[in-house]
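Protein chains in written order, with this note's numbering: chain A, 6 to 137; chain P, 71 to 437.
Built from N, CA and C at the ideal position, the CB exists for glycine as well.
Quick caveat, the model's predicted, so the values are computed rather than measured.
Note sheet for the following structure.
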């Protein structure tokens, strides 16, 4: 498996989150998640200005194999969605931590991102899933 | 991988090639080798190879082999000459489909059936029971492996790996023709809607053939691409599109039932004749989704403007059409469009006649 970026935080539902310099939180799915889903063919990005609670299903990625909900890792307002994914859903496969980002959230409390897992904890969780 | 899982002789090669493996009917099989879409495209435009050694090869031999198969199968092997194959359903007495298969006539008293992996044990039981009164010998050929080499370049690539006279004979095969060379059987058959071959070889020679195809640049393809290719080709998947509770007549497989001669008493004939007389009220139809989203097996389908509906039996993404397609069992004359329940959404789908794609060309417009 590829190295997990240590500057990101991780949810148990396989989203990653990053607190950017402008105070917004960028969200995507992990390399592990995209690999498990297989080739993505549709991404339904969230509605702009939607209020989301941490844990809300707010976007859908659909692969050749299955549809999967994307959960908001923090509470806040969706202020941006990656429009490129409409025509290029494969960006999530090829660059899950970069061009394949899904949405940006203006969090009620950006510091709560710290409650998500570190790269080390997420890697540990994946290793345990593998053992099951 | 659990210990109960079976493996083909190529298991280690698949893993070394980076295959993502899945459990398919208790077989440990490749789903894809990195990208299902790339594998799908390789078969439509060039050539791909599938390890389908999980399928069962059943040899039927003996002086009553033909008589037995004419009783066992809904299609009629008496239509076959040596070196020819046909597609048939094997029915129960109620006319339900126990399996669908390809049967090759090798010689007058020697046939080979290719059956689905999931039905290996139940088919063998059924065939042995039904064959008890015939002078036939049945043998499940677990000593052989099976590769499907598919795509417009399949004939050229495969011929280049064979001795020249065999290569020439291969190129000369008509669709559903086959030829035997020693323990090898090469049939111009497949499950993709493209030209291609299914090649049965002794298990010990399977890796050599596979490696030769890899060296020739043929794309290794997994069960993911196999499913999207067959769905585009409008071909059925046993267990989804039909099973023991559905007859060929409600599965768009009526064309595979040989009613003539009327004296041929194949298993299920009586029930099927009764059903035909009553007039089946359902059939399988093709769907092309008009919205973004995905048709998936099990989704409920509602007719437009009147009561009634049905269910999606197979669904997925069509790379060739760039949208989702599926098969659904619906009341007859379902209208031009239907509404599919997908998760929390209602999606409009156009009703079409399968296949969706043949020989790399889209046969339905996705408008």
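Just the Cα atoms here: how many angstroms apart are residue i and residue j?
i	j	result
residue 143 of chain P	residue 337 of chain P	7 Å
residue 339 of chain P	residue 193 of chain P	18 Å
residue 110 of chain P	residue 139 of chain P	35 Å
residue 225 of chain P	residue 265 of chain P	8 Å
residue 283 of chain P	residue 216 of chain P	14 Å
residue 148 of chain P	residue 326 of chain P	14 Å
residue 359 of chain P	residue 120 of chain P	28 Å
residue 127 of chain A	residue 53 of chain A	29 Å
residue 162 of chain P	residue 212 of chain P	25 Å
residue 202 of chain P	residue 172 of chain P	22 Å
residue 129 of chain A	residue 190 of chain P	40 Å
residue 99 of chain P	residue 292 of chain P	8 Å
residue 356 of chain P	residue 156 of chain P	23 Å
residue 244 of chain P	residue 256 of chain P	12 Å
residue 48 of chain A	residue 373 of chain P	28 Å
residue 38 of chain A	residue 119 of chain A	21 Å
residue 371 of chain P	residue 421 of chain P	11 Å
residue 273 of chain P	residue 230 of chain P	21 Å
residue 51 of chain A	residue 406 of chain P	32 Å
residue 254 of chain P	residue 350 of chain P	42 Å
residue 242 of chain P	residue 114 of chain P	21 Å
Look up residue i in the DSSP assignment and say whether it is helix, strand or coil.
i	result
residue 128 of chain A	helix
residue 424 of chain P	coil
residue 38 of chain P	No statement about residue 38 of chain P is possible, as the shown extent of chain P runs from 71 to 437 and does not include it.
residue 88 of chain A	coil
residue 325 of chain P	helix
residue 103 of chain A	coil
residue 186 of chain P	coil
residue 418 of chain P	strand
residue 177 of chain P	strand
residue 108 of chain A	strand
residue 284 of chain P	helix
residue 131 of chain P	strand
residue 65 of chain P	Given that chain P is displayed from residue 71 to residue 437, the structure contains no residue 65 of chain P and the question cannot be resolved.
residue 141 of chain P	helix
residue 360 of chain P	coil
residue 302 of chain P	helix
residue 330 of chain P	coil
residue 200 of chain P	helix
residue 76 of chain P	strand
residue 163 of chain P	coil
residue 150 of chain P	coil
residue 59 of chain A	coil
residue 17 of chain A	coil
residue 119 of chain A	helix
residue 437 of chain P	Because the pLDDT at residue 437 of chain P is just 36, under 50, the model does not fix this residue reliably, and the value given afterwards should be weighed accordingly. Three-state DSSP puts residue 437 of chain P in coil, outside helix and strand.
residue 171 of chain P	strand
residue 100 of chain P	strand
residue 71 of chain P	Because residue 71 of chain P carries a pLDDT of 49, less than 50, the predicted location of this residue cannot be relied on, and the following value inherits that uncertainty. In this structure, residue 71 of chain P counts as coil in the three-state DSSP scheme.
residue 279 of chain P	helix
residue 194 of chain P	helix
Taking residue i as part of the alpha helix (DSSP H), name the residues at either end of that continuous run.
i	result
residue 99 of chain A	96-99
residue 407 of chain P	Premise fails: residue 407 of chain P lies in the beta strand (DSSP E), 407-412, not in any alpha helix (DSSP H).
residue 219 of chain P	Here residue 219 of chain P belongs to no alpha helix (DSSP H); instead the beta strand (DSSP E) covers 214-220.
residue 209 of chain P	Premise fails: residue 209 of chain P lies in the beta strand (DSSP E), 207-210, not in any alpha helix (DSSP H).
residue 113 of chain P	106-115
residue 82 of chain P	81-86
residue 113 of chain A	Counting along the chain, residue 113 of chain A falls outside any alpha helix (DSSP H), and DSSP gives it neither H nor E.
residue 339 of chain P	339-348
residue 236 of chain P	234-242
Hey, could you find the ends of the beta strand (DSSP E) residue i is sitting in?
i	result
residue 388 of chain P	379-388
residue 36 of chain A	Here residue 36 of chain A belongs to no beta strand (DSSP E); instead the alpha helix (DSSP H) covers 36-42.
residue 268 of chain P	266-272
residue 250 of chain P	248-251
residue 23 of chain A	20-24
residue 256 of chain P	254-257
residue 399 of chain P	393-401
residue 73 of chain A	72-76
residue 336 of chain P	Neither: residue 336 of chain P is in no beta strand (DSSP E) and is coded neither H nor E.
For residue i, would you say it is in contact with chain D, using Cβ-to-Cβ distances shorter than 8 Å as the test?
i	result
residue 261 of chain P	In the structure shown, chain D cannot be found, because the protein chains are A and P.
The segment 253-267 of chain P in contact with the segment 293-309 of chain P per 3-pair CB rule at 8 Å: yes
May I ask you to list, following chain order, the residues of the segment 75-96 of chain A that have a beta carbon less than 7 Å from some beta carbon of chain P? none
Report the residues of the segment 44-60 of chain A with a CB closer than 9 Å to any CB of chain P, ordered along the chain. 44, 46, 47 and 49
Output needed in chain order: residues of the segment 85-117 of chain P with a Cβ under 9 Å from some Cβ in chain A. 90, 101, 102, 105, 106, 107, 108 and 110
Please determine if the segment 76-88 of chain A and the segment 107-117 of chain A are in contact, where contact requires at least 3 C-beta pairs separated by less than 8 Å. yes
Would you call the segment 74-86 of chain P and the segment 221-239 of chain P in contact, with 3 or more CB pairs under 8 Å? no
Pairing CB atoms from the segment 36-51 of chain A with CB atoms from the segment 64-74 of chain A, are three or more of them under 8 Å? yes
Would you say the segment 384-392 of chain P touches the segment 342-352 of chain P, given that touching needs at least three Cβ pairs under 8 Å? no
What are the residues in the segment 280-302 of chain P lying within 8 Å of chain A by C-beta distance? 294 and 298
When Cβ atoms are compared, which residues of the segment 339-371 of chain P fall closer than 9 Å to chain A? 362, 363, 364 and 366
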